[in-house]
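Colleague: The listed protein sequences correspond, in order, to chains A and R.
If you count by the UniProt record's numbering, then the first sequence holds residues 1 to 453, one letter each, in order.
If you count by the UniProt record's numbering, then the second sequence holds residues 1 to 517, one letter each, in order.
Backbone N, C-alpha and C fix where the C-beta goes; we use that ideal spot for every residue, glycine too.
All figures in this text were calculated on a predicted structure; none of them were measured in a lab.
Take a look at the following structure, please.
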Amino acid sequence: MEPIRKEEIDDQACGSLAPKSKPCPRPKPGEAAGGCSFDGAQITLLPIMDAAHLVHGPVACAGNSWESRGSLSSGPSLSQYGFATDLSNNDIIFGGEKKLKDSIDYIAGRFAPPAIFVYATCVTALIGEDMDAVCKEASDRLGIPVVPVNSPGFVGSKNLGNRLAGDALLQYVIGTGEPELEASMGVNLIGEYNIAGEMWDIEKLMNQAGITLLSRITGDARYKEITWAHRAKANMVVCSRALLGLAKQMESKYGIPYFEGSFYGAKETTYSLRQMAYLLNDREMERRVDRLTEREENRLSHDLRPYRKILKGKKAVLYTGGVKSWSVISALKELGIQVVGVGTNKSSDEDVQRIADRVSDDTEYIPEGGASRIIKTVRERKADIMIAGGRNMYVAMKEQIPFVDINQERHKAYAGYEGLLRLAKELVDSIANPIWKLASSPAPWDKEDSYDR
Amino acid sequence: MSKERMNIPDYNTLFTEERYVQQRENKKQFEAPCSDQEKAEALAYSQSAEYMEKNFERKAVVINPHKACQPLGSVMAALGFEKTLPFVHGSQGCNSYFRSHLSRHFKEPTPAVSSSMTEDAAVFGGMSNMIDGLENAVALYKPEMVAVCTTCMAEVIGDDLSAFIGNARQKGAIAEDFPVTFANTPSFIGSHITGYDSMIKSILSQLFDRSGQTAAPGAGEEGEKLNVLLGFEPYTGNFAEIRKILNAFDTKYTILGDHSGNYDSPANGEYEYYYGGTKLADVPKAANALGSLVLQKYTLKKTQEYIKGTWKQQVSALSTPLGVKATDKLLEAISELTGLPVPASLKEERGRVVDAYADSHPYLHGKRVALAGDPDLLLGLIGFCLEVGMEPVHILCSNGDVEFDGKKWKEEVEALLATSPYGSEATVYVGKDLWHLRSLLLNDPVDLAIGSSHVKFAAKDAGVPLVRVGFPIFDRHHMHRNPIIGYQGALNLLTLIVNIVLDQLDNNESGFGDLVR
Ligand code: SF4
Chain A
1 MEPIRKEEID DQACGSLAPK SKPCPRPKPG EAAGGCSFDG AQITLLPIMD AAHLVHGPVA
61 CAGNSWESRG SLSSGPSLSQ YGFATDLSNN DIIFGGEKKL KDSIDYIAGR FAPPAIFVYA
121 TCVTALIGED MDAVCKEASD RLGIPVVPVN SPGFVGSKNL GNRLAGDALL QYVIGTGEPE
181 LEASMGVNLI GEYNIAGEMW DIEKLMNQAG ITLLSRITGD ARYKEITWAH RAKANMVVCS
241 RALLGLAKQM ESKYGIPYFE GSFYGAKETT YSLRQMAYLL NDREMERRVD RLTEREENRL
301 SHDLRPYRKI LKGKKAVLYT GGVKSWSVIS ALKELGIQVV GVGTNKSSDE DVQRIADRVS
361 DDTEYIPEGG ASRIIKTVRE RKADIMIAGG RNMYVAMKEQ IPFVDINQER HKAYAGYEGL
421 LRLAKELVDS IANPIWKLAS SPAPWDKEDS YDR
Chain R
1 MSKERMNIPD YNTLFTEERY VQQRENKKQF EAPCSDQEKA EALAYSQSAE YMEKNFERKA
61 VVINPHKACQ PLGSVMAALG FEKTLPFVHG SQGCNSYFRS HLSRHFKEPT PAVSSSMTED
121 AAVFGGMSNM IDGLENAVAL YKPEMVAVCT TCMAEVIGDD LSAFIGNARQ KGAIAEDFPV
181 TFANTPSFIG SHITGYDSMI KSILSQLFDR SGQTAAPGAG EEGEKLNVLL GFEPYTGNFA
241 EIRKILNAFD TKYTILGDHS GNYDSPANGE YEYYYGGTKL ADVPKAANAL GSLVLQKYTL
301 KKTQEYIKGT WKQQVSALST PLGVKATDKL LEAISELTGL PVPASLKEER GRVVDAYADS
361 HPYLHGKRVA LAGDPDLLLG LIGFCLEVGM EPVHILCSNG DVEFDGKKWK EEVEALLATS
421 PYGSEATVYV GKDLWHLRSL LLNDPVDLAI GSSHVKFAAK DAGVPLVRVG FPIFDRHHMH
481 RNPIIGYQGA LNLLTLIVNI VLDQLDNNES GFGDLVR
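This is the structure we're talking about:
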C-alpha cells in the first residue's frame, strides 16, 4: 500500500488545509485512548449501506467492530455484514494478497454489491500488502469499483481515519457518476451518519423546505448517490471537522461552496436550513425556509414548555470526546441547561473557539479523557447530569450521576426540532428517575453515613 | 401537549410512522436497481441447499466472525487480580474495542490502557511507547501490578516485551520491584480464550518466580487449600456459585483470576478503578495448595501444564459444569481433591433441580437445537441438552485453529454425543463463521438456537428463537449475574430455555388462551 506521508498528516490534519491549524492530537501512551484510524475510516464509510465493507487483516479488527454502530439503514443491509480476510500466521509470513483477491471475488460473486470498500489494518499495512494494486486489478476485472481505504490503526486517531476515508471518497468515488434526475438545486450533507435515524428527520425538514438532498455523505447512503456528489450546488459539513477537508477540496476542485452547520438545537437547525437556501441563491426557497422554520420553532417552544420548567438552571457536563461539543451546547442552552464542563479532547482550535463562544467564562474545559477527570468536574461543579458516550456511562452509574448517551450507540434521534424535544424528554427522564434518590440516600441502618450530592 | 408528543418513541417505532415510510419509498431510486422479484429470488437462493454447499466451500473470506481476539482475553485475565491494570501494547484502537466489548457485555466500566503506538513505532519499534506508557499509566492509575499483552501490530514488528520492560526499570520509569507481567498475544493466532490462558499463566509464573519460593504442594497452612480457576468466564454469577459450592464443602480455597469484583461493583457513589480480584500475595502461596480445580480445561491449557509441571500439583480439569451430570462430576472432583464428602445441602439442591427437570421435560423433549460458542461452554451445553432430552443438531465452535487443538476437542464432543441417542443427529463444526451457521439453520431447521448475541441475525433470518448464553451478550441486561454452573445454574438454564419455548407456544397459540402448562 502507498505509505501515508507524515507531512501530509501533520499539516492537513483534521481536514483543515490552513497551515496554522494544529494536528489531530496524538494519544499519549499509557492512557485509555479512543478508537484508531481504522475505526474512524469505517465509521465514515459503513453508512454506505449497499456497499460491502471488507476488512483486510486478522479477524480481530473486524470481529471487534462489526454490529456496533447505531447508523441506520432504510433498505439495504449489506454494510452490516462483517467481512474479513481473517489473516492467520501463515498469511503474515507469506502475504495475504491472494486471500484478499479471493475474498473480493467471493463477495462480488455472491452479494453483487455496487462497490466494495477494502480496509487496511495495522497488520496488512506493516507487512506491506499492495492493497491498491489488488483492488485496482479486481476492479478492472469485475467491473465494479473496489476502493482501497488506507487507514491502518497506527497512523493515529479516529479523527484522522475519518479524514482518510474522505480522501478515499474524493479519489475513487466522487465524480465517477452523474445524477439521472435534473438535480440542479441539490445540497450534499457531509459528515452526517444517520445515528439513530437523525438523518431522516433532517431529510424531512429539507423536503418540506423544497431543498433537494443530492448526496448523503454518508448517513444511509447508497454508493451511487455519492458518485455524483460533485454536481451539488452546496455542501453542508454537519459538525464533523474531520471531513472539512473533503468539503474544501470539493470547493477547489468543483467550485462547490460549503458551510459548517449543525442540527442540534432549534437555532442551529434554522441557521443551517437558511444557509442552504442562501447558498442555493433562490429567493423563493428562502421565503419557504423562513416560513417553515418559524412555524417549527413556534410549535417547538410550545411543546418544550413543561420540559424547560424542569430543566431550567440545571447544570451539565458534556463529554462527547469530539467535535459534537459545540453544537450540542447550543441545544442544551435552548433548554435552559448550563454547561459547566465540556470535553475538548478531539476538538480542533476552531472547535474550542466555537465552544468558548457558547459557554460562560467559568466553564471548565476537560482536555483529556479518563473517567476520573470527568467525574471530578461533575462533582466540583455540582452538575446535575452527565452527557457523554457509552464507555463513560457505566462510570456515571457507579457515581450515581444521571446520564444521557450522546454517541453512536444511542437509540434516539436528537437532531432537528423534534430531536430537541426528544433530547429534552430524555434529559428530564434521566434526572427525574427515582433511582437516583434511592441510590443516594443511605440504607435505613446507616443514616449518618448519608451521602450528599 | 398532545399525547403523541409526550410519548417519545425510539427508532424502532419512530420510523414506522407513515411520513418516514414514504420518505424511504422515495429513496428507492438510488438503490441498486433490482426488482422485488429479483430480491426474493436472491434471498431464496441464499436459503437453498445448493447455496449452502457453495457457502461451505468458501475458503477466502470470513462473513460475520464468531470469535474475539487474544488480547481481549488477556485484558479479562488481568482484571482478575487485585489492583492490576491491563496494558495493551499496540496501536490505540484495539484497546478501545476491548474496553467497549467488555463494558457492553457486563454493563460496567473496564479500566485498560494502551501504549498507543503510531507509525514511528512501526518503523523504530515500540520501546519508547512502552516505557512512556508504563510511566504514565502507573502515575495516572496507581495500580499495584501492570499486565502487558501485545496486539498483532507489536507482534508483526517483533517487539521484545521482556527487554522493553527491563529497560523501563533501568530508566526508572517503573520501580525495580513493581510487578509487570506480560504475555504475547497476537490476534492472528488463537482467540480470546488463548489470550486468557497466556495471561493467567504469565501472571502465575511471574509472580511465583519473583517471590523466590519453591513449590511444595500440600505444605503448611496453604496445603489445606484448593486452587480454583474458572477461565474466560462471562458470568460473574458463576464465581458466586462456585464459592457457594466450596463453602458448602467447608474447604478453603483460592480463586486464581477472579474478575467478578471488577464486573459486579456496587453503585455507591464513588467509582474506583479496581474492585476485588485475587490478592497478589496469594499467587505464590497458591503453589503450596493441595491441588487445583480447573473449570475450563480447553481454555486453560498452558496454565494447567504450568501448574502440573512447575507447581507439581494434582489438577482436576473439567469443562464448564453445566447441568446436573456435569455438576455431579464437579462435586466428585472437589471430593477427590480435598477428601471431603459431598455436603447434604448440595445433595438436596440436586434433588430439587431434578424435580424441576421433570416438571419441564414435556416441553423440551426432542427439541432440536443449534449451539454456538467457546469449546468448554459447548461441552457443558451439549451435556445439558442431552440430559433434558433436547437434541443438539448443529454445533459451531468459535475456535478452530491449531493452538486450540480442535481435533481433540472434537473427539471429546463426539464421544459425549455418542453417549446418548439424543446426540445422534449432531454435526460438529470447528472454525466456521456465522454465515455458515445461517445456512445450517435455513437448510436443516431447528427449534432453538443457543449462543451469543451475534447469533441473533442468523437466528432471525431462519425464524428460530435464540437463547442467549455465552459471550458476548450485548442486547440483554444482567444475564451474566445469574450463574449457569452448579445445580443452581442448571436450574437457571432450564428456566431460561423452557420459558422461551413456552413464549413461543403462546405466540403461536391458536386462540384457546391456555393458562395451564
Ligand atoms: S489498532 Fe490496528 S489492529 Fe487494532 S483494531 Fe485498529 S487497525 Fe486493527
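Is DSSP giving PRO58/A helix, strand or coil here?
Modeller: coil
Colleague: Mind pulling the chain R residues with CB within less than 7 angstroms of MET397/A?
Modeller: ALA267
Colleague: Relative to the C-alpha of ILE366/A, which candidate in VAL317/A, ILE406/A and MET393/A has its C-alpha closest?
Modeller: VAL317/A
Colleague: Could you tell me whether any Cβ in chain R is nearer than 9 angstroms to the Cβ of ASN392/A?
Modeller: Yes, its Cβ sits closer than 9 angstroms to a Cβ of chain R.
Colleague: Report the neighbours of GLN42/A on chain R: residues whose CB is nearer than 8 angstroms to its CB, in chain order.
Modeller: Those within 8 angstroms of GLN42/A in chain R number zero; the least Cβ separation is about 10 angstroms.
Colleague: Which of the three DSSP states is assigned to THR327/R in this structure?
Modeller: helix
Colleague: Give me the subset of the segment 58-84 of chain R whose CB atoms are less than 9 angstroms from a CB atom of chain A, sorted by chain position.
Modeller: ARG58, LYS59, ALA60, VAL61, VAL62, ILE63, ASN64, PRO65, HIS66, LYS67, ALA68, CYS69, GLN70, PRO71 and LEU72
Colleague: Just to confirm before moving on: does the CB-CB distance between GLY70/A and ASP50/A stay below 9 angstroms?
Modeller: In terms of Cβ geometry, GLY70/A and ASP50/A do not form a close pair [threshold 9 angstroms].
Colleague: Hey, could you find the ends of the beta strand (DSSP E) PHE182/R is sitting in?
Modeller: Element bounds for PHE182/R: 180-183.
Colleague: Candidates ALA286/R, PHE182/R and GLU509/R: which alpha carbon is nearest SER211/R's?
Modeller: ALA286/R
Colleague: Any heavy atom of ligand 1 within a distance shorter than 8 angstroms of the CB on ASP39/A?
Modeller: yes
Colleague: Give the residues from the segment 142-162 of chain R that approach chain A closer than 8 angstroms (Cβ to any Cβ), ordered along the chain.
Modeller: Within the segment 142-162 of chain R, the residues whose Cβ lies closer than 8 angstroms to some Cβ of chain A are THR151, CYS152, MET153, VAL156 and ILE157, listed in chain order.
Colleague: With respect to 8 angstroms, is the separation between the Cβ of VAL187/A and the closest non-hydrogen atom of ligand 1 below this value?
Modeller: No.
Colleague: With 7 angstroms as the C-beta to C-beta threshold (strictly closer), list the residues of the segment 147-180 of chain A near chain R in chain order.
Modeller: GLY153, PHE154, VAL155 and GLY156
Colleague: In chain A, which residues lie with their C-beta within 7 angstroms of the C-beta of SER202/R?
Modeller: Near SER202/R there are no residues of chain A at all, since even the closest Cβ is about 20 angstroms away, more than 7 angstroms.
Colleague: Grab me the residues of VAL75/R's own chain with a C-beta within less than 6 angstroms of its C-beta, minus the 5 sequence neighbours each way, in chain order.
Modeller: Only PRO86, PHE98 and ALA112 meet the Cβ criterion.
Colleague: At a CB distance below 7 angstroms, what residues from the segment 350-369 of chain A approach chain R? Give them in sequence order.
Modeller: none
Colleague: Can you tell me whether PHE259/A is helix, strand or coil according to DSSP?
Modeller: For PHE259/A, the three-state secondary structure derived from DSSP is strand.
Colleague: Give the single residue among LEU378/R, VAL501/R, PHE208/R and GLY486/R whose Cα lies nearest to the Cα of LYS279/R.
Modeller: Checked all of LEU378/R, VAL501/R, PHE208/R and GLY486/R; the closest Cα to LYS279/R is PHE208/R.
Colleague: Measure the C-alpha to C-alpha separation of GLN171/A and VAL413/R and round it to an integer number of angstroms.
Modeller: 52 angstroms
Colleague: Determine the DSSP secondary structure at THR212/A, reduced to helix, strand or coil.
Modeller: strand
Colleague: To the nearest angstrom, how far is the alpha carbon of SER360/R from that of ILE485/R?
Modeller: Answer to the nearest angstrom: the Cα atoms are 19 angstroms apart.
Colleague: DSSP three-state call for PHE403/A: helix, strand or coil?
Modeller: DSSP places PHE403/A in strand when its eight states are reduced to three.
Colleague: Smallest Cα separation from PRO148/A: which of ILE406/A, ASN159/A, ASP140/A and ALA120/A?
Modeller: Measuring from the Cα of PRO148/A, the nearest candidate turns out to be ALA120/A.
Colleague: Give me the Cα-Cα distance between PHE249/R and ARG438/R, rounded to the nearest whole angstrom.
Modeller: One C-alpha to the other measures close to 44 angstroms.
Colleague: Mapping the DSSP letters down to three states, classify GLU31/A as helix, strand or coil.
Modeller: GLU31/A: strand per DSSP, three-state reduction.
Colleague: Go ahead and label PHE124/R buried or exposed: buried means 16 or more other beta carbons lie within 10 angstroms of its beta carbon, across all protein chains shown.
Modeller: PHE124/R is exposed by the Cβ-count criterion.
Colleague: With 9 angstroms set as the bound, which would you pick, yes or no: does the beta-carbon of TYR319/A sit closer than that to a beta-carbon of chain R?
Modeller: no
Colleague: Look up TYR253/R in the DSSP assignment and give the residues it is bridged to.
Modeller: LEU226/R
Colleague: Which residue comes first and which comes last in the beta strand (DSSP E) that contains VAL187/A?
Modeller: 186-192
Colleague: Excluding five sequence neighbours on each side, which residues of the same chain lie with their C-beta closer than 7 angstroms to the C-beta of ARG169/R?
Modeller: GLU176
Colleague: Helix, strand or coil for MET127/R, going by three-state DSSP, please let me know.
Modeller: helix
Colleague: Is there a Cβ of chain A sitting closer than 9 angstroms to that of LYS54/R, yes or no?
Modeller: yes
Colleague: Mind checking which residues open and close the alpha helix (DSSP H) that includes PHE106/R?
Modeller: 92-106
Colleague: So GLU135/R contacts chain A; which residues on that side make the cut at Cβ distance below 8 angstroms?
Modeller: GLY30
Colleague: Identify whether GLU391/R lies in helix, strand or coil by the three-state DSSP scheme.
Modeller: Strand.
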